[in-house]
């Protein structure tokens, strides 16, 4: 049986390879999901400030004002970088655990059925598991976006959420349960593309840095360089979808007509590009890239350390 002990990033063979992973103590499915979620939370705690800056920078154009990091810190303080952190951690419980838990589960089932794990199967499984995880975690994503950006809105437009429970309760009471899935379209599309581009490029860059810079494959420097390079590619590809998701998740209905300004992924992309220019879809790119690459590095290293410690001390 194909062993699921090691994380996808740490043990997947070079792209296109059909070699099975080395024999290792097998972890149960429950532990795979649990370590994925815990590693995702640990990684998110590191990159949440970058996410806050990315969200606020990206949404600043909707208020017709330029974003200034110095201005944000001066007005709201350094701790404002952690606005929405509880919601972000809850999101990882659902997103990271389901995304990478489902990835490893589906990958192993496909390996048992086909007898091999190749490049195409990783791409397909990465897209499917990423999309499913995004839809499952969309309520927490909406709460994260709103809590991260609320303080930057004009006083009369702020929702003034107190905490995660207050956010969830008020969304249901004021807007209905369906509001939790506003932005689910671009969020799911983005997650599928991230799964595809991570799988398609990560192993290749690990080999590249091993051969060109004499790094030890799967060492922390090797993982860091490969993840940041892979993160750059999928950040460029997925940033417009991230911008669409942020707008759809934070939008308010028009007080006169009661209609929402953004109704779907394509409509949002077209509306933003037409009214604000294509550049608006890439506002906040640098912190978004820091979030993507940084979370990939910190999360997978955390997952691997947790699993290695479990195998060493608990098995």
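In this note's numbering, the protein residues as written are 9 to 323. Every residue, glycine too, gets a C-beta built ideally from N, C-alpha and C.
Relative to the Cα of residue 73, the nearest Cα in the group 45, 162, 143 belongs to 162. C-alpha of residue 139 to C-alpha of residue 227: approximately 29 Å in a straight line. If you look at residue 299, you'll find it in the alpha helix (DSSP H) that goes 293 to 321.
Around the beta carbon of residue 86, a 10 Å sphere encloses fewer than 16 other beta carbons of the protein chains shown; the residue is thus reported as exposed. DSSP places residue 262 outside both helix and strand once states are collapsed to three, so it counts as coil. Cβ atoms of residue 302 and residue 63 stay farther apart than 8 Å, at about 15 Å.
A straight-line Cα-Cα distance of about 43 Å links residue 181 and residue 129. Distance from the CA atom of residue 75 to the CA atom of residue 57, rounded to whole angstroms, is 15 Å. Judged by DSSP secondary structure, residue 168 falls outside any alpha helix (DSSP H); it is assigned neither H nor E. With fewer than 16 other beta carbons inside 10 angstroms of its own, residue 321 counts as exposed. Distance from the Cα of residue 272 is smallest, within the candidate group 253, 261, 265, for 253. Where residue 137 is concerned, the enclosing alpha helix (DSSP H) starts and stops at 127 to 157.
Here the segment 174 to 188 makes no contact with the segment 232 to 251; the two share fewer than three CB pairs at distances below 8 Å.
Comparing alpha carbon positions, the residue from 65, 206, 110 closest to residue 153 is 65. In the three-state scheme derived from DSSP, where H, G and I count as helix and E and B as strand, residue 271 is classed as coil. Excluding residues up to 5 positions away in sequence, 129 lie with their Cβ nearer than 6 Å to the Cβ of residue 118 in the same chain. Here the alpha carbons of residue 106 and residue 278 stand approximately 31 Å from one another. Judged by pairs of C-beta atoms under 8 Å, the segment 171 to 181 does not touch the segment 203 to 217, as fewer than three such pairs exist. If you draw a straight line from the Cα of residue 240 to the Cα of residue 96, it is about 22 Å long. Residue 47 counts as buried, since no fewer than 16 other beta carbons sit within 10 angstroms of its beta carbon. Put simply, the backbone Cα of residue 100 is about 16 Å away from that of residue 38. By the criterion of a C-beta distance shorter than 6 Å, residue 316 is surrounded by no residue of its chain, once the five residues flanking it on both sides are discounted. In this structure, residue 156 lies near residue 91, with their beta-carbon atoms less than 7 Å apart. Uninterrupted alpha helix (DSSP H) stretches at least 4 residues long and entirely within the segment 168 to 198 occur at 172 to 183, given in chain order. Contact check for residue 51 against residue 307 passes: the beta carbons are separated by less than 7 Å. Between residue 294 and residue 251, the CB-CB gap reaches or exceeds 7 Å.
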